[in-house]
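*Asks:* This is the structure, below, for whatever I ask next.
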Amino acid sequence: MRAALKAIGLGLLLLLVLAGAAAWVKREEVARLWAVQKLFDPERIVWNFTHMGELFHWVALPIGPGDAVQPVLEAPQVPLPEGSEAWMAERRITGLVVLSDGQVTQEVYREGTGRDDLRISWSVSKSFVSALLGIVLDAGEIESLDDPVTQYAPALEGSAYDGASVGDVLLMQSGVAFNEDYFDYWSDINRMGRILALGGSLDGFTEGLDRRAGPPGEVWRYVSMDTHVLGMVLRGATGQDMATLLGERLLAPMGLESRPTLLTDARGQGFALGGLNMSLRDYALFGQMYLQDGRLGERRIVPYDWVRESTMPRAKTAPGALRYGYHWWVPKTGEGEFLAVGIYGQYIYINRPAQVVVALSAADHGFGQGAVQDGMIDWFRRIAIANVEAR
Numbered sequence: 021m022r023a024a025l026k027a028i029g030l031g032l033l034l035l036l037v038l039a040g041a042a043a044w045v046k047r048e049e050v051a052r053l054w055a056v057q058k059l060f061d062p063e064r065i066v067w068n069f070t071h072m073g074e075l076f077h078w079v080a081l082p083i084g085p086g087d088a089v090q091p092v093l094e095a096p097q098v099p100l101p102e103g104s105e106a107w108m109a110e111r112r113i114t115g116l117v118v119l120s121d122g123q124v125t126q127e128v129y130r131e132g133t134g135r136d137d138l139r140i141s142w143s144v145s146k147s148f149v150s151a152l153l154g155i156v157l158d159a160g161e162i163e164s165l166d167d168p169v170t171q172y173a174p175a176l177e178g179s180a181y182d183g184a185s186v187g188d189v190l191l192m193q194s195g196v197a198f199n200e201d202y203f204d205y206w207s208d209i210n211r212m213g214r215i216l217a218l219g220g221s222l223d224g225f226t227e228g229l230d231r232r233a234g235p236p237g238e239v240w241r242y243v244s245m246d247t248h249v250l251g252m253v254l255r256g257a258t259g260q261d262m263a264t265l266l267g268e269r270l271l272a273p274m275g276l277e278s279r280p281t282l283l284t285d286a287r288g289q290g291f292a293l294g295g296l297n298m299s300l301r302d303y304a305l306f307g308q309m310y311l312q313d314g315r316l317g318e319r320r321i322v323p324y325d326w327v328r329e330s331t332m333p334r335a336k337t338a339p340g341a342l343r344y345g346y347h348w349w350v351p352k353t354g355e356g357e358f359l360a361v362g363i364y365g366q367y368i369y370i371n372r373p374a375q376v377v378v379a380l381s382a383a384d385h386g387f388g389q390g391a392v393q394d395g396m397i398d399w400f401r402r403i404a405i406a407n408v409e410a411r
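Numbering (our numbering), first residue to last: 21 to 411.
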């Protein structure tokens, strides 16, 4: 009897321990869900965007050996164009780094942010995935952009992505129906955010997308999960996870100043479509690498042809709209300019003729307005002109 009671007591103790562990896990999930709900609140957004590692799962990425760090040289400061202070306040710009001929000519941090902060990139990350795809294609691990995505990610068979090519998703022409409205609680993009917070699988969420808006390759529609599909393709082609791929093949060879991080789901799969966190100087360095056609110093990191092909308008965007390349944006007019763009005002702007790069972080709730986008490009151009005139 005593032995039986002892066994019952141990069993109850084990149940209590397991219940306590489950409650702790649930507590973490609830905390992350709360973080998602409050992520863009005006009073919290600046802090949130600099502390994503305290809100979600993440992994540190390598930056390469000390002798690989690319020095970002200082140059005499070039004043910002007239009206810049008012524009930065209106757009809630938190940080700005300007490179002219590879040298820092302007560096500003606002609203309590600083040089060493790791800032969330959101969809600026997509341009990093594009660079990585070019590297893997050049290595022959992916044969062609014409290959079906299911060749490398067979779990997508039977989903809305079945029948789309790698090139289709790269151009955001997958044909998948997806609501990208960040201001709609029930949109697909916000459902994905809750999946991320509650410990779900990004792969599973993507595999479950089964609605089509049209055939692949016919119409451009911005679908963030297209970038996750590229991540699935890259993982299937190489046998490596996204954190390893981004770290070893792209970021470590760049020689970053600060160690970046990548948000992940609870299963450790990288949130590559928007989860990269880096310092503003390192975002600018990525832009400088693209300005130099994939090179930094003596190192060829991204193939020359890929850089040139990626940053040309290729997608079937509407006439008069901002144009789209291989996960890079191209202004409506002009030549030799292209941008990586993230929600709430994250940018890397490259101007080849002026040899100028601008990296920008912000907490701008008006980011989705067309006039704001046009105004931002105009401001970048005026910064470029000021730097050319100062040489």
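Virtual Cβ for every residue (Gly too), placed ideally from N, Cα, C. The structure displayed is predicted, hence computed values, not measured ones.
For V361 and F148, I'd like the C-alpha separation in whole angstroms.
*Replies:* The sequence position of residue 361 within the sequence shown is 341, counting from 1. The sequence position of residue 148 within the sequence shown is 128, counting from 1. Each residue's alpha carbon lies about 11 Å from the other.
*Asks:* Under DSSP, the beta strand (DSSP E) around Y369 begins and ends at which residues?
*Replies:* Start at 1 with the first residue of the sequence shown, and residue 369 comes out as number 349. Per DSSP, Y369 belongs to the beta strand (DSSP E) from Q366 to N371.
*Asks:* Less than 8 Å between the C-beta atoms of I363 and Y205, yes or no?
*Replies:* Residue mapping note: residue 363 aligns to position 343 of the sequence shown, counting from 1. Residue mapping note: residue 205 aligns to position 185 of the sequence shown, counting from 1. No; because the gap between Cβ atoms is not below 8 Å, this pair is not in contact.
*Asks:* Name the two residues that bound the continuous beta strand (DSSP E) containing I113.
*Replies:* Here residue 113 corresponds to residue number 93 of the sequence shown, with the count starting at 1. It spans I113 to S120 - the beta strand (DSSP E) in which I113 sits, taken as one unbroken run.
*Asks:* According to DSSP, which residues form a beta bridge with R411?
*Replies:* In the sequence shown, counting from the first residue as 1, residue 411 sits at position 391. Per DSSP, none; premise fails for R411.
*Asks:* Following a CB-centred definition, is T170 positioned closer than 7 Å to any heavy atom of the ligand MG?
*Replies:* This structure does not include the ligand MG; it has no bound ligands of any sort.
*Asks:* Taking the runs of the alpha helix (DSSP H) that are 4 residues or longer, which of them lie wholly in the region 148 to 215?
*Replies:* As far as the region 148 to 215 is concerned, its whole alpha helix (DSSP H) runs of at least 4 residues are 186 to 190.
*Asks:* Measure the alpha-carbon distance for A42 versus A106 and round it to whole angstroms.
*Replies:* As a first step, residue 42 is located in the sequence shown; it is residue number 22 there, counting from the start. As a first step, residue 106 is located in the sequence shown; it is residue number 86 there, counting from the start. Confidence is the limiting factor: at A42 the pLDDT is only 45, short of 50, which leaves the residue's position unreliable, though a coordinate-based value still follows. Cα to Cα, A42 sits roughly 50 Å from A106.
*Asks:* Give me the DSSP bridge partner(s) of M298.
*Replies:* For this step, residue 298 is matched to residue 278 along the sequence shown. Beta-bridge pairing links M298 to R139.
*Asks:* Provide the residue span of the beta strand (DSSP E) that contains L75, from first to last.
*Replies:* Residue numbering aside, residue 75 sits at position 55 when the sequence shown is read from its first letter. L75 -> no beta strand (DSSP E), and no H or E assigned at all.
*Asks:* Report yes if the CB atom of A180 is closer than 8 Å to the CB atom of R232, and no otherwise.
*Replies:* Locating residue 180 in the sequence shown gives position 160, counting from the first residue. Locating residue 232 in the sequence shown gives position 212, counting from the first residue. The answer is yes: Cβ separation under 8 Å.
*Asks:* Taking the C-alpha atoms as reference points, what is the distance between F119 and G228?
*Replies:* Within the sequence shown, the letter at position 99 stands for residue 119. Within the sequence shown, the letter at position 208 stands for residue 228. Inspection of the sequence shows that residue 119 is occupied by Leu rather than by Phe. One C-alpha to the other measures close to 43 Å.
*Asks:* Near P351, what residues of its chain come up, given a Cβ to Cβ distance below 6 Å and the 5 sequence neighbours on each side ignored?
*Replies:* As a working mapping, residue 351 is identified with position 331 in the sequence shown. Excluding residues within five positions, the ones whose Cβ falls inside 6 Å are E357 and I397.
*Asks:* State the start and end residues of the unbroken beta strand (DSSP E) segment that holds E277.
*Replies:* Within the sequence shown, the letter at position 257 stands for residue 277. Here E277 belongs to no beta strand (DSSP E), and DSSP marks it neither H nor E.
*Asks:* Answer with buried or exposed for D246, where buried requires no fewer than 16 other C-beta atoms within 10 angstroms of its C-beta.
*Replies:* Within the sequence shown, numbered from 1, the residue matching residue 246 stands at position 226. Burial call: buried.
*Asks:* Counting C-beta neighbours from all protein chains within 10 Å, is the total for A406 16 or more, i.e. buried, or is it exposed?
*Replies:* Against the sequence shown, residue 406 aligns to sequence position 386. It counts as buried.
*Asks:* State the start and end residues of the unbroken beta strand (DSSP E) segment that holds A360.
*Replies:* By 1-based counting over the sequence shown, the position of residue 360 is 340. Counting along the chain, the beta strand (DSSP E) containing A360 begins and ends at E357 to G362.
*Asks:* Can you list, in chain order, the residues of its chain whose CB lies under 8 Å from that of T125, leaving out five sequence neighbours each side?
*Replies:* Numbered from 1 along the sequence shown, position 105 holds the residue referred to as residue 125. Closer than 8 Å at Cβ, skipping near neighbours: A95, P96, Q97, V98, V118, L119, N407 and A410.
*Asks:* State the start and end residues of the unbroken alpha helix (DSSP H) segment that holds E105.
*Replies:* The count along the sequence shown starts at 1 and reaches residue 105 at position 85. Run containing E105: S104 to E110, per the alpha helix (DSSP H) assignment.
*Asks:* Spatial neighbours of G160 within its chain, please: C-beta separation below 8 Å, excluding the five flanking residues on both sides.
*Replies:* Residue mapping note: residue 160 aligns to position 140 of the sequence shown, counting from 1. Answer for G160: no residue qualifies.
*Asks:* Can you give me the Cβ contacts of R412 inside the same chain, cut-off strictly under 7 Å, excluding the 5 residues immediately before and after it?
*Replies:* A question about residue 412 goes unanswered here, because the residues of the chain that appear run from 21 up to 411.
*Asks:* Would you kindly work out how many angstroms separate the C-alpha atoms of D384 and G295, rounded to a whole number?
*Replies:* By one-based count along the sequence shown, residue 384 stands at place 364. By one-based count along the sequence shown, residue 295 stands at place 275. Approximately 18 Å, taken between the alpha carbons.
*Asks:* So, at 8 Å on beta carbons, what are the nonlocal neighbours of W399 in its own chain, with the 5 sequence-adjacent residues on each side left out?
*Replies:* Against the sequence shown, residue 399 aligns to sequence position 379. Correct list, in chain order: P101, S104 and W107.
*Asks:* Please classify K146 as buried or exposed, where buried requires at least 16 neighbouring CB atoms within 10 angstroms.
*Replies:* Within the sequence shown, the letter at position 126 stands for residue 146. It counts as buried.
*Asks:* Between which residues of its own chain and L8 is the CB-CB distance below 7 Å, once the five residues before and five after are set aside?
*Replies:* The shown model of the chain, from 21 to 411, leaves out residue 8, and the question about it has no answer.
*Asks:* Need the endpoints of the alpha helix (DSSP H) that T258 sits in, please.
*Replies:* Reading the sequence shown from its first residue, position 238 is the one you call residue 258. Residues M245 to T258.
*Asks:* Among Y369, G354, L254 and L282, which one has its Cα closest to the Cα of M309?
*Replies:* Here residue 309 is taken as the residue at index 289 of the sequence shown, counted from 1. Checked all of Y369, G354, L254 and L282; the closest Cα to M309 is Y369.
*Asks:* Output needed for D166: all residues of its chain with C-beta closer than 7 Å, excluding positions within five of it in sequence on either side, in chain order.
*Replies:* Position 146 of the sequence shown holds residue 166. Closer than 7 Å at Cβ, skipping near neighbours: S185 and G187.
*Asks:* Between which two residues does the alpha helix (DSSP H) holding E227 run?
*Replies:* In the sequence shown, counting from the first residue as 1, residue 227 sits at position 207. Taken as a continuous stretch (DSSP letters only), the alpha helix (DSSP H) holding E227 covers L222 to E227.
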